[in-house]
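A.B. asks: Structure in structure tokens, see below.
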Amino acid sequence: MRRFLVCTACLFATASLNAGDLKMQFVLDGDVPAPSPIDVNRDAEFCGKHDLSDESLVVNPKNKGIKNVVVYVYTGRGGSDLPESTPKNATHELANKNCRFEPHIVLTQVGDTLKVTNPDPVGHNANLNFLKNEAANLMIPASQEKEVKLKESEPAPIPVECNIHPWMKSYVVVLDHPYAAVSDEDGVLVIKDLPNEELVFRVYVEAADGALDEVNVNGEMQEWKRNRFEVEIEDGVNDMGVVKIKPSQLKIPN
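Counting with mature numbering (1 follows the signal peptide of the UniProt record, and there is no 0), you get residues -19 to -1, 1 to 235 for the letters of the sequence shown.
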């Protein structure tokens, strides 16, 4: 793992006492790949009109930002020891919408509920391959929904697949704390209200071809063993800057 010193901007109007935010941007260090169209071989009359493409790697052509990168505080072996978090008991929707899952990444906490909905006029299913929670293969007829209670944290993002439409895939992250974020269309993410201490973070990039053991952070090559890095969190915004990932480290859809 690599320890980072980051630029901290103290935003007293928004920052909590003894808490800081972690900000970073993920970009592709190379040419932006063209979207890879999906072979719509089921329910083509409906699904075929939605211009579907592979979502395992989504790169912004304007700034090369990588969408759907997940960063969270790692609390497993060799990770951070966080104070116990109060469950929020929130409900998160995962929609089978236009023959794709929306959102692509769902961030949840132990005690939350995952509500799987289907606003489409065709049937879907959601195959949740949990490791710690009870695995579920939910059939979701048109205009119906089902719920799953998340009772245990998961060691990694859990894939969700539709066996009826094999191109459909998303991920559910189940943590025992609230400290996680997903990068937006510009590759930017912010994890809010982190405790002021040295924390271990873990990165998940769906298209990564193995571990991201070495990345370019603000022009300097850094080692991230097992996709982990450490940051000393201070009050305000702890800005790590730009993290560049080479195309050779990724599986580019084609």
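Even for Gly, the Cβ is constructed at its ideal location relative to N, Cα and C.
For E213, which residues in the same chain have their Cβ closer than 6 angstroms to its Cβ, ignoring the five residues on either side in sequence?
C.D. replies: As a first step, residue 213 must be located in the sequence shown, where it is residue number 232. So the qualifying residues of the chain are E179.
A.B. asks: Classify F27 as helix, strand or coil using the three-state DSSP reduction.
C.D. replies: Position 46 of the sequence shown, counting from 1, holds the residue named residue 27. Under the three-state reduction of DSSP, F27 is assigned to helix.
A.B. asks: Look at A123 and G104 and say whether their C-beta atoms are less than 7 angstroms apart.
C.D. replies: Taking the sequence shown and counting its residues from 1, one reaches residue 123 at position 142. Taking the sequence shown and counting its residues from 1, one reaches residue 104 at position 123. In contact: A123 and G104 (Cβ atoms closer than 7 angstroms).
A.B. asks: Taking just the CA atoms, how far does E142 sit from K30?
C.D. replies: Here the question's residue 30 lines up with position 49 in the sequence shown. Here the question's residue 142 lines up with position 161 in the sequence shown. E142 has its alpha-carbon roughly 21 angstroms from the corresponding atom of K30.
A.B. asks: Residues in its own chain within less than 6 angstroms of P16 by CB, not counting five upstream and five downstream?
C.D. replies: Walking along the sequence shown from the start, residue 16 turns up at place 35. Around P16: S34.
A.B. asks: Quick one: grab the DSSP three-state call for Q230.
C.D. replies: Walking along the sequence shown from the start, residue 230 turns up at place 249. Here Q230 sits in helix by DSSP.
A.B. asks: Report all residues from its chain with a CB closer than 6 angstroms to the CB of E133; omit the five preceding and five following residues, and keep chain order.
C.D. replies: The residue given as residue 133 occupies position 152 in the sequence shown. Counting only residues of its own chain and dropping the five nearest sequence neighbours on each side, E133 has a CB closer than 6 angstroms to the CB of K113, N114.
A.B. asks: So, H85 versus N49, is the Cβ gap smaller than 7 angstroms?
C.D. replies: Here the question's residue 85 lines up with position 104 in the sequence shown. Here the question's residue 49 lines up with position 68 in the sequence shown. The answer is yes: Cβ separation under 7 angstroms.
A.B. asks: Apart from the five residues just before and just after K173, which ones in its own chain have a Cβ nearer than 7 angstroms to its Cβ?
C.D. replies: Here the question's residue 173 lines up with position 192 in the sequence shown. Correct list, in chain order: D2.
A.B. asks: Among residues of its own chain, excluding the 5 on either side of P42, which ones have a beta-carbon nearer than 7 angstroms to its beta-carbon?
C.D. replies: Translated into the one-based positions of the sequence shown, residue 42 becomes position 61. The answer, listed in chain order, is V13.
A.B. asks: Which residues in the same chain have their Cβ closer than 8 angstroms to the Cβ of I233, if we skip the five residues on either side of it in sequence?
C.D. replies: Translated into positions along the sequence shown, residue 233 becomes position 252. Excluding sequence neighbours, I233 sits near P14, L38, A188.
A.B. asks: Which of the three DSSP states is assigned to F(-8) in this structure?
C.D. replies: Looking up residue -8 in the sequence shown gives position 12. Low per-residue confidence applies at F(-8): pLDDT is 37, beneath 50, and the placement is therefore not dependable enough to give any value.
A.B. asks: Which runs of the alpha helix (DSSP H), 4 residues or longer, sit entirely within the segment 36 to 73?
C.D. replies: none
A.B. asks: Out of L131, E36, E204, I145, which has the shortest C-alpha to C-alpha gap to K69?
C.D. replies: The residue labelled residue 69 in the question sits at position 88 within the sequence shown. Out of L131, E36, E204, I145, L131 has the C-alpha closest to the C-alpha of K69.
A.B. asks: Reducing DSSP to helix, strand and coil, say where K206 ends up.
C.D. replies: The residue you call residue 206 lines up with position 225 of the sequence shown. Correct three-state label for K206: helix.
A.B. asks: Using three-state DSSP, classify N79 as helix, strand or coil.
C.D. replies: Reading the sequence shown from its first residue, position 98 is the one you call residue 79. In the structure shown, N79 sits in coil (DSSP, three-state: anything other than H, G, I, E or B).
A.B. asks: Less than 7 angstroms separating the beta-carbons of G168 and Q6?
C.D. replies: For the purposes of this step, residue 168 is taken as the residue at position 187 of the sequence shown. For the purposes of this step, residue 6 is taken as the residue at position 25 of the sequence shown. Taking 7 angstroms as the Cβ cut-off, G168 and Q6 qualify as a contacting pair.
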